[in-house]
Amino acid sequence: MYDINNAQEYNSGKIKDFFLVGIKAINKHTLVVDLKKPTPYFPSITTFMVTFPLRKDIVEKQGSRWTEPENIVTNGPFILHKWKHEYKIELKPNKRYYANKPHLDKIEMFMIVETSTALTLYETGGLDIAGIPPIAILHYKESPEYRNMPMLRNNYYGFNLTKPPFNDVRIRRAFSKAIDRSEFPKILKGGEVPATSWIPKGMLAYNPDIGLKYNLDEAKRLLKEAGYPDGKGFPKVTVVFNTGPDNQIIAENLQAQWKRNLNVSVELDNQEWKVYLKRLKTDAPAIFRLGWGADFPDPDNFMNLFTTESGNNNTKWSNKRYDKLIGLAAIEMDAEKRIKLYNEAQRVLCETDAPIMPLFISAQNALVKPYVKGYMLNPMDILYLKDVKIEGR
C-alpha cells in the first residue's frame, strides 16, 4: 500500500496526521485514493484481503477476540455465525449485503488437516466439496465430479549467493540445467505445470520460453568449468526445505536427478515451517525451497520479491539492472511495454544470474458433488460462494 501518497511515511511514524495520507472518503459510497505515481496494478491490489475494511473501534475494544462471531463485522455476502476453533466454521447469509443475496442458507466448513480424511468424508456423504490427495486423482480423473485448475503459484529452490558453492553462477546454472522438470507432474500427479520462468501461467507476462531448460551436456560443461569435472571434489551441500509430503517428494527427486545427471550428492534436511522461516530470515541455507502464491493478480507481486530491498529476497542477490526493470514495469501503463520489461527482467532472474531455480506451477484439485451448482475453482485459491446453490439433491 506504499504506492499511496504518504502511506509509508505515516506507517513509519514520519508523519502523524492521517489526513495527509492519500485516502479520502468523500461521501458514504466513494473512496478516493491519491497515488504517488502511475500504478497499473493498483486496481488488482484492491482485491487483496488486507484492503478490506475493518471496524477499528471493534478491533481496539475486543483485542484478539475481534474475529469471534459475536464481535466481527464484515461486508461480504455471508457472516461468520459460529466458529469452533480447530474444527469448523459456520457461515450464514448477511442480511445487510448490498447486492444479490446468496442462495445458500448455511455453509459449514470443516478444518481437516489430512486430505485422505476429507476424501473419506466426501465419499461417505459427509462433505459436498473436498480437496483430493494426489494418490486418488487417477481414480477420479474421468469423473464429472473432479475439478482441476492451475494456480497463480510458483515453486522454486533458491540459492544463497553468499555461500559456496552457489556464489558461482556456473554452479547455479548447472544445477538448474540438470533438472528435468517434466518429472514433477508425473510424481505429484496433481496437474502441475513445469516451469523455468517465474511469472506463473495465467498472469500477464507469463513466458514459458524463458529460463534454463534441461540440457545435460551444458550442465556438465558448466560444472567442469567451475572446477568439478563429473562432480569430482564437489563440496558437501545440504538441501533444506519445509516439512510436507509434496516437498519431500520433490526434494528426493532433485537429490536423485543431481546424482544421476551431475554425479553430485546432496543431503536433505526438512524443518517445521516456523523454524524454517526463522532460519531463512537469519541465516538462509546454501540452497532452500520456497514458493509464492499471488496476493493480487499482477506480475509485480512476483517480480518485486527479488529486488534488492525486498524482505522476501532470501538469496542475498542484488542486480541494479533487475531493480530498474521492475521499477519501470511498475509504472508502465501500456501492457505490451510492461510485458517486454518483465521478459527482460525474467531473463536476468532465471537465466543470466539464476539466483532461483523455478520448478513448477501448482494446481488445485477438488471433488464437487453433482448437485452443487455454481462452484468454481479460482487460480488464487479464493472461495466465492455467493452464487453456489444446491439442486436435485
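Under the working numbering, the first residue of the sequence shown carries the number -17, and numbering increases by one thereafter.
All C-beta atoms in this analysis are idealised placements derived from N, C-alpha and C, irrespective of residue type, glycine included.
Fair warning: this is a prediction, and the values are worked out from it, not measured in the lab.
Between Gly45 and Leu36, what straight-line distance do the alpha-carbon atoms span, to the nearest angstrom? For this step, residue 45 is matched to residue 63 along the sequence shown. For this step, residue 36 is matched to residue 54 along the sequence shown. Roughly 13 Å separates the two Cα atoms.
Pairing CB atoms from the stretch 80 to 92 with CB atoms from the stretch 350 to 370, are three or more of them under 8 Å? Here the stretch 80 to 92 makes contact with the stretch 350 to 370; the two share three or more CB pairs at distances below 8 Å.
Tell me the residue span of the alpha helix (DSSP H) that contains Asp191. Sequence index remark: in the sequence shown, residue 191 carries index 209 (1-based). Counting along the chain, no alpha helix (DSSP H) covers Asp191, and no H or E run does either.
Which whole runs of the beta strand (DSSP E) in the stretch 300 to 351 are 3 residues long or more, in chain order? Correct list: 338 to 350.
Determine the closest residue to Pro116 out of Asn283, Arg329 and Ser344, with distance taken between C-alpha atoms. Here residue 116 refers to the residue found at position 134 when the sequence shown is read from its first residue. It is Ser344 whose Cα lies nearest to the Cα of Pro116.
Can you say whether Val370 is buried or exposed, counting buried as having 16 or more other CB atoms within 10 angstroms of its CB? Here residue 370 refers to the residue found at position 388 when the sequence shown is read from its first residue. Buried, because 16 or more other Cβ atoms sit within 10 Å of the Cβ of Val370.
Which residue or residues does DSSP assign as beta-bridge partners of Gln253? Within the sequence shown, residue 253 is the residue found at index 271, counting from 1. Its beta-bridge partners are Asn224.
Cα-Cα, which of Leu13, Leu349 and Leu101 is closest to Thr28? As a working mapping, residue 28 is identified with position 46 in the sequence shown. Answer by Cα proximity: Leu13.
Tell me the rounded alpha-carbon separation between Val219 and Ile364. In the sequence shown, the residue the question calls residue 219 occupies position 237. In the sequence shown, the residue the question calls residue 364 occupies position 382. Rounded to whole angstroms, Val219 to Ile364 spans 38 Å at the Cα level.
I'd like to confirm the pairing. Which residues does DSSP put opposite Gly273 in its beta bridges? For the purposes of this step, residue 273 is taken as residue 291 along the sequence shown, with counting starting at 1. Assignment of beta-bridge partners to Gly273 by DSSP yields Asn137.
Where does Ile61 fall in DSSP's three states? Here residue 61 corresponds to residue number 79 of the sequence shown, with the count starting at 1. In the structure shown, the three-state DSSP call for Ile61 is strand.
Length at least 4, wholly inside the stretch 56 to 113: the alpha helix (DSSP H) runs in chain order: Considered as a whole, the stretch 56 to 113 harbours 97 to 105 as its complete alpha helix (DSSP H) runs of no fewer than 4 residues, in chain order.
Indicate the three-state DSSP secondary structure (helix, strand or coil) for Met131 in the structure shown. Taking the sequence shown and counting its residues from 1, one reaches residue 131 at position 149. When DSSP states are grouped into helix, strand and coil, Met131 belongs to the strand group.
Under the three-state DSSP convention, the category Val14 falls into: Here residue 14 refers to the residue found at position 32 of the sequence shown. Shown here, Val14 sits in a strand according to DSSP, grouped into three states.
Spatially closest choice to Gly184 from Gly275, Asn295 and His67, by CA coordinates: As a working mapping, residue 184 is identified with position 202 in the sequence shown. The candidate whose alpha carbon is nearest that of Gly184 is Gly275.
Quick one: give me the first and last residue of the alpha helix (DSSP H) that Asn(-7) is part of. For this step, residue -7 is matched to residue 11 along the sequence shown. Here the alpha helix (DSSP H) through Asn(-7) covers Ala(-11) to Ser(-6).
Beta-carbon proximity list for Met362, same chain, < 6 Å, skipping 5 on both sides: To locate residue 362, count along the sequence shown from 1; it is residue 380. Cβ neighbours of Met362 beyond the five flanking positions: Leu134 and Ala276.
Can you say whether Lys202 is buried or exposed, counting buried as having 16 or more other CB atoms within 10 angstroms of its CB? Position 220 of the sequence shown, counted from the start, is the residue given in the question as residue 202. For Lys202, the number of other beta carbons within 10 angstroms of its own is at least 16, and it is reported as buried.
For Thr297, count neighbouring Cβ atoms within 10 angstroms of its own Cβ and tell me buried if that reaches 16, exposed if not. The residue labelled residue 297 in the question sits at position 315 within the sequence shown. The Cβ neighbour count for Thr297, taken over all protein chains shown within 10 Å, is at least 16; the residue is labelled buried.
Enclosing beta strand (DSSP E) for Lys6 [first to last residue]: Your numbering for residue 6 matches position 24 in the sequence shown. Unbroken beta strand (DSSP E) run through Lys6: Ile5 to Asn9.
Cβ contact check for the stretch 235 to 253 and the stretch 282 to 294: 3 or more pairs under 8 Å: The stretch 235 to 253 is not in contact with the stretch 282 to 294.
According to DSSP, residues forming a beta bridge with Val354: Against the sequence shown, residue 354 aligns to sequence position 372. Per DSSP, the beta bridge partners of Val354 are Ile372.
Please name the residue or residues paired with Val175 in a DSSP beta bridge. Locating residue 175 in the sequence shown gives position 193, where the first residue counts as 1. Answer by DSSP bridge pairing, in chain order: Ile343.
Does DSSP classify Ile54 as helix, strand or coil? Along the sequence shown, read from residue 1 onward, the residue named residue 54 stands at position 72. Of the three classes helix, strand and coil, the one that applies to Ile54 here is coil, per DSSP.
In angstroms with no decimal places, state the Cα-to-Cα distance between Ser125 and His63. By one-based count along the sequence shown, residue 125 stands at place 143. By one-based count along the sequence shown, residue 63 stands at place 81. Distance between the alpha carbons of Ser125 and His63 is about 34 Å.
Arg141 classed as buried or exposed, judged by whether at least 16 other C-beta atoms fall within 10 angstroms: Walking along the sequence shown from the start, residue 141 turns up at place 159. What sits at residue 141 in the sequence shown is Phe, not Arg. If you draw a 10 Å sphere on the C-beta of Phe141, you find 16 or more other C-beta atoms in it, and that means buried.
Does the contact criterion of 3 or more C-beta pairs under 8 Å hold for the stretch 173 to 193 versus the stretch 306 to 325? With a cut-off of 8 Å, the stretch 306 to 325 and the stretch 173 to 193 count as touching, because enough Cβ pairs lie within range.
Using beta-carbon positions only, say whether Ile59 and Pro75 come within less than 8 Å of one another. Here the question's residue 59 lines up with position 77 in the sequence shown. Here the question's residue 75 lines up with position 93 in the sequence shown. In the sequence as displayed, the identity of residue 59 is Pro instead of Ile. Yes, the pair counts as a contact, with Cβ atoms nearer than the cut-off.
Count Cβ pairs between the stretch 259 to 273 and the stretch 99 to 112 that sit closer than 8 Å; are there 3 or more? No, the stretch 259 to 273 does not touch the stretch 99 to 112.
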